[in-house]
Each structure stands twice: as C-alpha cells, then as structure tokens.
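Asker: In numbering that gives the first Met the number 0, the protein residues as written are 0 to 245.
Backbone N, C-alpha and C fix where the C-beta goes; we use that ideal spot for every residue, glycine too.
Once you've had a glance at the structure underneath, I'll fire off some questions.
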Amino acid sequence: MVIDVTEETFEQEVINRSRSIPVVVDFWAEWCAPCRQLGPVLEKGANAREGQVVLAKLDTDASPRISAAFGIQGIPAVKAFKDGRVVDEFVGVQPPAQVERFFDALVPSEADGLVAEGDEASLRRAVELEPSRADAAVPLAGLMHRRGESEEAQALLSNVSGSFTADGLAARMRLEQAEDLDLADAFKALDEGDTEGAVDLLIGALASADGHKDDVRRVIVGALDALGVDHPLARDARRRLAAALY
Numbered sequence: 000m001v002i003d004v005t006e007e008t009f010e011q012e013v014i015n016r017s018r019s020i021p022v023v024v025d026f027w028a029e030w031c032a033p034c035r036q037l038g039p040v041l042e043k044g045a046n047a048r049e050g051q052v053v054l055a056k057l058d059t060d061a062s063p064r065i066s067a068a069f070g071i072q073g074i075p076a077v078k079a080f081k082d083g084r085v086v087d088e089f090v091g092v093q094p095p096a097q098v099e100r101f102f103d104a105l106v107p108s109e110a111d112g113l114v115a116e117g118d119e120a121s122l123r124r125a126v127e128l129e130p131s132r133a134d135a136a137v138p139l140a141g142l143m144h145r146r147g148e149s150e151e152a153q154a155l156l157s158n159v160s161g162s163f164t165a166d167g168l169a170a171r172m173r174l175e176q177a178e179d180l181d182l183a184d185a186f187k188a189l190d191e192g193d194t195e196g197a198v199d200l201l202i203g204a205l206a207s208a209d210g211h212k213d214d215v216r217r218v219i220v221g222a223l224d225a226l227g228v229d230h231p232l233a234r235d236a237r238r239r240l241a242a243a244l245y
C-alpha cells in the first residue's frame, strides 16, 4: 500500500498505524531528481509486500514541521517506523537490492513465521526455504535425533554454520556412535535439563577421551551457549574446560 501523508495526517497514518504494521516514510520533494529516481523503487518494494508494509510519501516542502521534527537535512530520506518509533533509515538513492534488504528487515519472511510456529511440518518447510537457518535446522534435527534418525539429523546440521548449538548436537551424535567412550550419563543429564551435571561429567571425561576431545568440547560449548555468555555456570565451566584441554 502506498499513501500520501501530510502534517495533519502524519500522527494517525504513520505513528499510530505503525503499531500494527511497519510504515516506511519517503521524505521527498517535487524538485528533487534523486527522489523521483528512488520513489518507484520504494513503491515496487512496498507493493511486493502488500498487506505487510505501508509506504507513506511526505512532501517535505509542504510539511516543514514534520521534516524538522525528524531532522531531515537531505532528501530523499527514508525512515521505517514500528511501534510508533523509527527503527531503520537511510538517506540518498540506494541500489534496488539494498532497498529490498531494507524492506526484508522490516517484514518477517515466510521462514520466520514457520519457525515461530515450531511444529515439525513448519520446521521442515522453513529448512526447505532456508537450509542454513540454525533456528529451524537445530530443533528439527533434535526431533529427528530423539526418534533415532541420527544420520538424517546430521545431514540436516551439515548445512548450518556458525552455530555452537548445531555443532554441539552434531558432535553428540558422533560421540553416541563411538565404541570406546561412554557418555550416556552425561547425555541423560543434558536431556533432563541438568546442564551443570552434564557439563561436569563431560569435562571429567576429557582426560580419557583420546580421539574424541574436540567433539566433547563441542558438546560442552553448545550446552553452555544455550545458557548465555553471562550465566555464572557458563563462565565457570569455560574456565574449567580450558584448564582441562590446555
């Protein structure tokens, strides 16, 4: 949806409306050639996301008070509003791909909605759309692992990079197949939510984990990552892990 707004309608059409749907404001003027260049790109982006975002066009010459209130010093200027406040912005003509990324950051993707649903069918569809997406692949791989589908789960996780949780789960599945290392008690504690007990057992196992130390480390780091970097257990466990490894 593309609308024109004025100083009289700005509060209702932008501020209030943004509490239910993102509103992108295009600050422009008739005499501004770059504005005429950017305008169609913005309109294309908004129209492609009909029902998910509104593009509001504000003539800065006709609305000097609004322009001053938002510190507009050069045009075109674009500001995105959510929940009554500015959440993103840029000034000047931008390449179409950059404008698309600007809109994408405001509007949840199909995969975002599927991950929020969280059921297996939704997670599978999210992984189809974005195979490297950790917040879809990890919980889905966890479901598959609990059903004994470890090979399929590991294949799923192989597409994910930069996730300590994914690395930890993949490492756990490899360790479960190891014949020379028994970590059943540690994994049982982990499944029961006893992260502290599981980490203690895993750190204790490092001394006899020749050939598997890196995977044990990955499981520990993945478990601690789920706690957050500032958790007291995480800080203490990382210190003990470093001492055990080095």
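1) Could you name the residues that DSSP lists as bridge partners for Ala79?
2) Just reading off the alpha helix (DSSP H) that Asp190 is part of, what are its end residues?
3) Taking all protein chains shown into account, decide if Asp190 is buried (16 or more other Cβ within 10 angstroms of its Cβ) or exposed.
4) Could you check whether the stretch 150-164 touches the stretch 124-138, counting it as contact only if at least three pairs of C-beta atoms, one from each stretch, sit closer than 8 Å?
5) Are the beta-carbon atoms of Glu10 and Arg64 separated by less than 8 Å?
6) Cutting at 7 Å between CB atoms, please list the residues of its own chain near Gly221, excluding the five before and the five after it.
7) Go ahead and pull the three-state DSSP assignment for Val218.
8) With a threshold of 16 other CB atoms inside 10 Å of the CB of Ser62, please say whether the residue is buried or exposed.
9) Rounded to whole angstroms, what's the CA-CA distance from Ser17 to Glu116? Just pull it up for me.
10) Starting from the C-beta of Ala52, find all residues in its chain whose C-beta is less than 7 Å away, skip the five residues before and the five after it, and write them out in chain order.
11) With 16 as the cutoff for other CB atoms within 10 Å, does Leu54 come out buried or exposed?
12) Could you work out which residue in Ala208, Ser108, Asp87 is closest to Ala177 when comparing CA atoms only?
13) Please list the segments of the alpha helix (DSSP H) lying wholly inside the stretch 108-143, counting only runs of 4 or more residues, in order along the chain.
14) Tell me, to the nearest whole angstrom, how far the beta carbon of Leu256 is from that of Leu244; I am working on the premise that it is less than 8 Å.
15) What residues are listed by DSSP as bridge partners for Val4?
Answerer: By the coordinates alone:
1) For the purposes of this step, residue 79 is identified with residue 80 of the sequence shown, where counting begins at 1. Its beta-bridge partners are Val23, Asp87.
2) By one-based count along the sequence shown, residue 190 stands at place 191. For Asp190, the uninterrupted alpha helix (DSSP H) segment begins and ends at 183-190.
3) Within the sequence shown, residue 190 is the residue found at index 191, counting from 1. By the neighbour-count rule (16 or more Cβ atoms within 10 Å), Asp190 is not buried but exposed.
4) In this structure the stretch 150-164 lies against the stretch 124-138, because at least three pairs of beta carbons, one per stretch, are closer than 8 Å.
5) Indexing the sequence shown from 1 puts residue 10 at position 11. Indexing the sequence shown from 1 puts residue 64 at position 65. No, the pair does not count as a contact, with Cβ atoms beyond the cut-off.
6) Position 222 of the sequence shown holds residue 221. Only Phe163, Thr164, Asp166, Gly167, Leu168 meet the Cβ criterion.
7) By one-based count along the sequence shown, residue 218 stands at place 219. Here Val218 sits in helix by DSSP.
8) One-based indexing of the sequence shown puts residue 62 at position 63. Its Cβ being crowded by 16 or more others within 10 Å, Ser62 is buried.
9) Counting from one through the sequence shown, the residue named residue 17 turns up at place 18. Counting from one through the sequence shown, the residue named residue 116 turns up at place 117. So the alpha carbons of these two residues sit roughly 24 Å apart.
10) Along the sequence shown, read from residue 1 onward, the residue named residue 52 stands at position 53. Correcting the residue identity first, residue 52 is Val in this sequence and not Ala. Ile20, Pro21, Val23, Ala45, Phe102, Leu105, Val106, listed in sequence order.
11) The sequence position of residue 54 within the sequence shown is 55, counting from 1. Buried.
12) Against the sequence shown, residue 177 aligns to sequence position 178. With distances taken between Cα atoms, Ala177 lies closest to Ala208.
13) Whole alpha helix (DSSP H) segments, 4+ residues: 109-116, 119-128.
14) The chain is shown only over 0 to 245; residue 256 falls outside these bounds and no answer can be derived.
15) By one-based count along the sequence shown, residue 4 stands at place 5. Note: Val4 sits in a beta bridge opposite Leu57.
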